[in-house]
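K.L.:
Before I ask anything, let me first share the structure, which is written out below as structure tokens.
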Amino acid sequence: MNIFPAIDLYGGKAVRLYKGDYSQMTVYSENPLEVAEKFEETGAKFLHLVDLEGAKVGKPGNLDTIKKITENTTLFTEVGGGIRNMEIAKSYIDCGVDRIILGTAAVTDEAFLKEAIETFGDKVAVGVDIKDGFVAIKGWTEKSRESAEDFLKKMETFGVSTVICTDISRDGAMQGSNNELYKTLSENYNIDIIASGGVSTIKDIKILRDMKLYGAIIGKAYYIGAIDLAEALEVAR
Numbered sequence: 000m001n002i003f004p005a006i007d008l009y010g011g012k013a014v015r016l017y018k019g020d021y022s023q024m025t026v027y028s029e030n031p032l033e034v035a036e037k038f039e040e041t042g043a044k045f046l047h048l049v050d051l052e053g054a055k056v057g058k059p060g061n062l063d064t065i066k067k068i069t070e071n072t073t074l075f076t077e078v079g080g081g082i083r084n085m086e087i088a089k090s091y092i093d094c095g096v097d098r099i100i101l102g103t104a105a106v107t108d109e110a111f112l113k114e115a116i117e118t119f120g121d122k123v124a125v126g127v128d129i130k131d132g133f134v135a136i137k138g139w140t141e142k143s144r145e146s147a148e149d150f151l152k153k154m155e156t157f158g159v160s161t162v163i164c165t166d167i168s169r170d171g172a173m174q175g176s177n178n179e180l181y182k183t184l185s186e187n188y189n190i191d192i193i194a195s196g197g198v199s200t201i202k203d204i205k206i207l208r209d210m211k212l213y214g215a216i217i218g219k220a221y222y223i224g225a226i227d228l229a230e231a232l233e234v235a236r
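This is the structure we're talking about:
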């Protein structure tokens, strides 16, 4: 299983939200590049980036910061947050991002999703953010009418190869990952699943590894010292 340490970006800083609430934001670093370099020095190969401004307003807010990271590390970098048209998608690919994550747009604009997959292939992943069994959109501020299960079936038929699945109720809450959810997804869909939200102990990493998930994202647990990244990388292997 691959470990994706996460950097959530807002105003060029590394931050975390509590359960997706923009009014409950903690700044962890003024220099996200330094954070990414530390991940790389520890042995990480992958990096999960979220442009929180992009997720909220639908246009990139941290492109310069992301470009610094892609130019100064060798990490496989995936980015999500506000990628809602081909111009924005291309701007991320052009600045060295390895994979873009479509969230809101994958729900609201199927034509764009299909065009992105046709153009960029497996450089496109889809973020499935689940709130009460339904897919949430617009930086988690709205709940769509699409159930998570129906949406994932559709993504499979569209040829999506990777899905980042977040249980919003667990995100940043340090309550453990929703293992039943990830077990169900890994058994029912032929898609690489990256678990996100609530991964807060080494035990969570072991459970997700044993499910043979493709990856797991570590966010708040790293920043508050609940998970040692070097240990997590070793356990995941």
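In terms of numbering that gives the first Met the number 0, the sequence shown opens at residue 0 and continues consecutively. For each residue, glycine too, the CB sits at the ideal point set by N, CA and C. This structure is a prediction, so every number in the text was calculated from the model and none was measured.
#1: So what does cysteine 250 bridge to, in DSSP terms?
#2: Does the stretch 84–95 touch the stretch 56–68, meaning 3 or more C-beta pairs lie closer than 8 Å?
#3: With DSSP run on the structure shown, which of helix, strand or coil describes tyrosine 213?
#4: Cα separation between alanine 172 and threonine 156?
#5: Per DSSP, what kind of secondary structure is serine 22 in: helix, strand or coil?
#6: Tell me the DSSP bridge mates of aspartate 7?
#7: Excluding the 5 residues flanking aspartate 170 on each side, which residues of the same chain have their C-beta closer than 7 Å to its C-beta?
#8: What is the residue span of the beta strand (DSSP E) that threonine 76 lies within?
#9: Compare the beta carbon distance of glycine 79 and glycine 102 with 8 Å and say whether it is the shorter of the two.
#10: For alanine 43, which residues from the same chain have a beta carbon less than 7 Å from its beta carbon, with the 5 sequence-adjacent residues on both sides left out?
#11: So the alpha helix (DSSP H) glutamate 223 belongs to, where does it begin and stop?
#12: Is it the case that the Cβ atoms of isoleucine 99 and lysine 122 are separated by a distance below 8 Å?
#13: DSSP on tyrosine 188, reduced to helix/strand/coil?
#14: Starting from isoleucine 87, trace the beta strand (DSSP E) both ways and give me its first and last residue.
#15: The alpha helix (DSSP H) with threonine 116 in it runs from where to where?
#16: If we ignore side chains and look at the alpha-carbon of each, how far apart do serine 185 and threonine 200 end up?
#17: Tell me the DSSP bridge mates of isoleucine 2?
#18: Where do the N-terminal and C-terminal ends of the alpha helix (DSSP H) with isoleucine 82 fall, by residue?
P.N.:
This is what the structure holds:
#1: Since the first residue shown for the chain is 0 and the last is 236, residue 250 is missing from the structure and cannot be characterised.
#2: In short, these stretches touch, since the Cβ pair count reaches three.
#3: Of the three classes helix, strand and coil, the one that applies to tyrosine 213 here is coil, per DSSP.
#4: Its pLDDT being 43, under 50, alanine 172 is placed unreliably by the model, and the measurement read from it follows with that caveat. Alanine 172 and threonine 156 have their C-alpha atoms spaced approximately 33 Å apart.
#5: Looking at serine 22 - three-state DSSP - the assignment turns out to be strand.
#6: Answer by DSSP bridge pairing, in chain order: Val14, Val49.
#7: Residue confidence for aspartate 170 is low, a pLDDT of 48 falling below 50, so the modelled location carries little weight; the figure read from the coordinates is stated next. Take aspartate 170, set aside five residues on each side of it, and the residues of its chain with a beta-carbon closer than 7 Å to its own are Lys18, Gly19, Gly196, Gly197, in chain order.
#8: Taken as a continuous stretch (DSSP letters only), the beta strand (DSSP E) holding threonine 76 covers 75–79.
#9: Their beta carbons are under 8 Å apart, which means glycine 79 touches glycine 102 by this criterion.
#10: Setting aside the 5 residues that flank it on each side, alanine 43 is surrounded in the same chain by Ile2, Pro4, Leu74, Leu228, Leu232, each with a C-beta closer than 7 Å to its C-beta; the list follows chain order.
#11: Here residue 223 turns out to be isoleucine, not glutamate, going by the sequence shown. Unbroken run through isoleucine 223: none, as it is neither H nor E.
#12: Going by C-beta atoms, isoleucine 99 is nearer than 8 Å to lysine 122.
#13: Of the three classes helix, strand and coil, the one that applies to tyrosine 188 here is coil, per DSSP.
#14: That residue, isoleucine 87, is in no beta strand (DSSP E); its alpha helix (DSSP H) goes 85–93.
#15: Note on identity: in this sequence residue 116 is isoleucine, with threonine being the wrong assignment. Here the alpha helix (DSSP H) through isoleucine 116 covers 109–119.
#16: One C-alpha to the other measures close to 20 Å.
#17: In the DSSP assignment, isoleucine 2 is bridged to Ala215.
#18: The continuous stretches of alpha helix (DSSP H) do not include isoleucine 82, and DSSP gives it neither H nor E.
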